[in-house]
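Peer 1:
Chains as they are written, first to last, in the working numbering: chain P, 49 to 445; chain B, 49 to 445.
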């Protein structure tokens, strides 16, 4: 039978990153293409203790249907924590627990965008979000990214020229894929522009707690006295991604619509996972856990940059020094065909990297960049992978 | 700030059932309005053992990112199990694990329907599915339900008059809310009509394993030699709903698109929950578990029907005798205003039931029915609730 698919889904391709995972399954290939936390980042002992306790004392609660808004204790804790720790949340805001932060992007687009409406995005940006906006029929308007974040003149032009823009999507800290952080000045400017044009902001902050160098900056949501910012947080990088738990702080009228959308998607988020997150936050020293993660990634990031300096940079490939998050963004000289470079790297030299074009609002635009990840591979694999990259680069540069 | 929402979500109200949950939170209220498995239906000891073993032997696997398609062992097991046990799945089919069966409905509508396309539904039908189709901009075409399932003449008229119908949505076993089962003859007819009109079928089967009376009927998917049926299975009623694990057996080209949609929704389903389901299916006697559940619900259903016969039926309220599932569908005499009856029942007599109009494709259509659930309340609560219903009914009938 010939199947006919919806327009919104027909044009979508599977994420290039997940496609590259298929190559990465070849044991010969060193994968620098993932975005997984390091295996030693997981507090397996504590989570094991929590789960044992839950099944010893209140198994029914962990197995029965629950409310769409999320595990009440976790919501209450996050309300207090985000307010006291990050100045996030006002009287008009509320908290929704989601099945990973990915679901926040999906629900935001579902409740805010009609088909054909625009989302203004950093260009490049996280492919998972771009694809989810596309899958709801939203169009993408890309804004170039400077070393201190979204270009504000281009953003203003985009707002001016796109009357049906519904929200600005930004990853302000250690953006995926570039690792770039939006400066404080630009955060304020972005907020002011959004307010001026009556456009909402979706602030996606999965990596904010993983700054291993420099000073933390206030979130855009912390400025939000007008109810125009939807803040997205995630436990994927600071507890465990397999749990699929994210949290959204946003004005109540918006959250209420997102709850209606979520009822139709998955009724509620896995309740055991929500209980694990709550217990992990309250029973153990979460700050110590974050400090351990920062130390781990600080070391791994430096190790990766040292290797790049030794094997890759001398050949003319540059990179953006990382201060947080899990990725390093590399740029090839103009003379090199990036797509061909990435393809040959995995096929001939058995090292998987992600082509920069995968992250563009329009994948047909030119890119000379690629993304490498340093959190997933072991030190040995990381060294071997970057050496292979250098060996291959030496043949084309 | 005035928020503007998408057309698809603006018209959607929160599920009437979940709204009634708010009344049901009043400890004075006896809730017959839920759809939860009985608390004693959960194999807490076995699931506790499984979880302890997972954290003792392979915690990283349970916590790390996984693939969108689902936990490979669970997919492989279900492929074999559904084929050997239910004759479900052909060479052209594949299996996708989802975050509850609700996500299957959402993904089916997302990949198959453009906004304005139609889904043909039993009328009444499960409100969660109706709302999820609406939330993607699909329109609903209702087909009345006879005591042996969807009316086939009305279905054919609907197919004839709705050229942009994309699929027929059916719950063939112990349909929610009516408890009605589609007869074998009508299953064959429905399949033949779908094939004739080039329309797909979404077969939603959360209750199929919970037949406690009469003979099992083959699923529509078991006839599917043409690749036109999307089958939806769920562990919510046979393991635990809090885990949020469903599974879809459908032609591979459709599943591939659903995978792309799922990447943008939640990346993958909670991996620990998938591992729990796999271990529960393979390590313990799943048939024995099902037999226990059937015995439990057979007893509770009979208890509820006996109470209805004693306290409610003599007043002129009728019900559809249930042979499986978790609900009993009751019909008021024409003289009674159903909406008012349900509202006064909870407000004045502290017993929560679900108004039948909540399940209609067009909520403004007339309904004299209401749904009661017998699985969630204890025997004591069930008796008290039905007595209250009788007491109240005696004042209006």
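Where a beta carbon is used, it is the ideal one built from N, C-alpha and C, also for glycine.
(1) Looking at chain P, which residues of the stretch 303-331 of chain B have a Cβ within less than 8 Å of any of its Cβ atoms?
(2) Compare the C-alpha of residue 58 of chain P against each of P:86, P:180, P:172 and P:293 and name the closest.
(3) Can you tell me which of B:54, B:90 and B:306 puts its alpha carbon nearest to the alpha carbon of residue 324 of chain B?
(4) Residues bridged to residue 169 of chain B by DSSP?
(5) Please specify which runs of the beta strand (DSSP E), each continuous and at least 3 residues long, are wholly inside the stretch 223-295 of chain B, giving them in chain order.
(6) Should residue 39 of chain B be labelled buried (16 or more other beta-carbon atoms within 10 Å of its own) or exposed?
(7) Along chain P, in chain order, which residues have C-beta atoms closer than 8 Å to that of residue 450 of chain B?
(8) Under 8 Å by Cβ, that's how I've got residue 60 of chain B and residue 182 of chain B pegged, so tell me the actual separation to the nearest angstrom.
(9) Return helix, strand or coil for residue 418 of chain P, following the three-state DSSP convention.
(10) Closer than 7 Å by beta-carbon distance: list the chain P residues that pair up with residue 60 of chain B, in chain order.
(11) Please identify, using Cβ separations under 7 Å, the residues of the stretch 130-156 of chain P that lie next to chain B, in order along the chain.
(12) So is residue 161 of chain B in contact with chain P if we call contact Cβ pairs under 9 Å?
(13) Excluding the 5 residues preceding and the 5 following residue 297 of chain P in the sequence, name in chain order all residues of the same chain whose CB lies nearer than 7 Å to its CB.
(14) For the stretch 262-277 of chain B, list every residue whose C-beta sits within 7 Å of some C-beta in chain P, in sequence order.
(15) If you reduce the DSSP assignment to three classes, tell me which class residue 141 of chain P lands in.
(16) Can you check whether the CB of residue 112 of chain B is closer than 9 Å to the CB of residue 213 of chain P?
(17) How far does the beta strand (DSSP E) with residue 378 of chain B in it extend, from its first residue to its last?
(18) Along chain P, in chain order, which residues have C-beta atoms closer than 7 Å to that of residue 96 of chain B?
(19) Suppose the cutoff is 6 Å on Cβ atoms and the five residues either side in sequence are ignored; what does the same chain contact list for residue 84 of chain B look like?
(20) With a cut-off of 9 Å, does the C-beta of residue 375 of chain B fall near any C-beta of chain P?
(21) Residue range of the alpha helix (DSSP H) that residue 148 of chain B falls in?
(22) Going by DSSP in three states, residue 367 of chain P sits in which element: helix, strand or coil?
(23) Tell me the rounded alpha-carbon separation between residue 275 of chain B and residue 302 of chain B.
(24) Using a Cβ-Cβ cutoff of less than 6 Å, which residues in the same chain neighbour residue 126 of chain B once the five nearest sequence positions on both sides are dropped?
(25) Nearest to residue 75 of chain B by alpha carbon, out of B:440, B:99 and B:429?
(26) Could you check what DSSP says for residue 153 of chain P in three-state terms: helix, strand or coil?
(27) Rounded to the nearest angstrom, how far is the Cβ of residue 237 of chain P from that of residue 54 of chain B, given a contact under 8 Å?
(28) Please report whether the beta-carbon of residue 419 of chain P lies at a distance below 9 Å from any beta-carbon of chain B.
(29) Assign residue 322 of chain P to buried or exposed, taking buried as 16 or more other Cβ atoms, counted over all protein chains shown, within 10 Å of its Cβ.
(30) Among the residues of its own chain, which have a CB less than 8 Å from the CB of residue 234 of chain B, if the five just before and after it don't count?
(31) I'd like to check one pair, residue 163 of chain B with residue 313 of chain P: are the Cβ atoms closer than 9 Å?
(32) Which residues of chain P have a Cβ atom closer than 8 Å to the Cβ of residue 283 of chain B, listed in chain order?
(33) For residue 203 of chain B versus residue 168 of chain B, is the C-beta distance shorter than 9 Å?
(34) Is residue 171 of chain B closer than 9 Å to residue 382 of chain B when the C-beta atoms are compared?
(35) Looking at the C-beta of residue 53 of chain B, does it have a partner C-beta in chain P at a distance below 9 Å?
(36) Taking only beta-carbon atoms, is residue 179 of chain P less than 9 Å away from chain B?
Peer 2: Result, derived from the coordinates:
(1) Per Cβ criterion, the list reads 304, 305, 307, 308, 309, 311, 312, 313, 314, 315, 316, 317, 318, 319, 320 and 321.
(2) P:180
(3) Residue 324 of chain B has its Cα closest to that of B:90, out of B:54, B:90 and B:306.
(4) Bridge partners of residue 169 of chain B: B:190 and B:217.
(5) 248-252 and 277-282
(6) Past the edges of chain B, shown from 49 to 445, lies residue 39 of chain B, and the structure says nothing about it.
(7) Since the displayed chain B opens at 49 and closes at 445, residue 450 of chain B lies outside it and no answer follows.
(8) 6 Å
(9) Three-state result, residue 418 of chain P: strand.
(10) 308
(11) 147, 148, 150, 151 and 154
(12) yes
(13) 130, 136, 137, 141, 143, 269 and 279
(14) 274, 275 and 276
(15) Of the three classes helix, strand and coil, the one that applies to residue 141 of chain P here is strand, per DSSP.
(16) no
(17) 375-379
(18) By Cβ distance, chain P contributes 103 and 107.
(19) 424
(20) no
(21) Here residue 148 of chain B belongs to no alpha helix (DSSP H), and DSSP marks it neither H nor E.
(22) strand
(23) Going by the C-alpha atoms only, they are around 10 Å apart.
(24) 143 and 295
(25) B:429
(26) helix
(27) So it is not a contact: roughly 28 Å between Cβ atoms.
(28) So, not an interface residue.
(29) The residue in question, residue 322 of chain P, is buried, as its Cβ has 16 or more Cβ neighbours within 10 Å.
(30) 196, 197, 198 and 200.
(31) no
(32) Within chain P, no residue comes near residue 283 of chain B; the closest Cβ sits about 11 Å away, beyond 8 Å.
(33) yes
(34) no
(35) yes
(36) For residue 179 of chain P, a Cβ of chain B is located within less than 9 Å of the residue's own Cβ.
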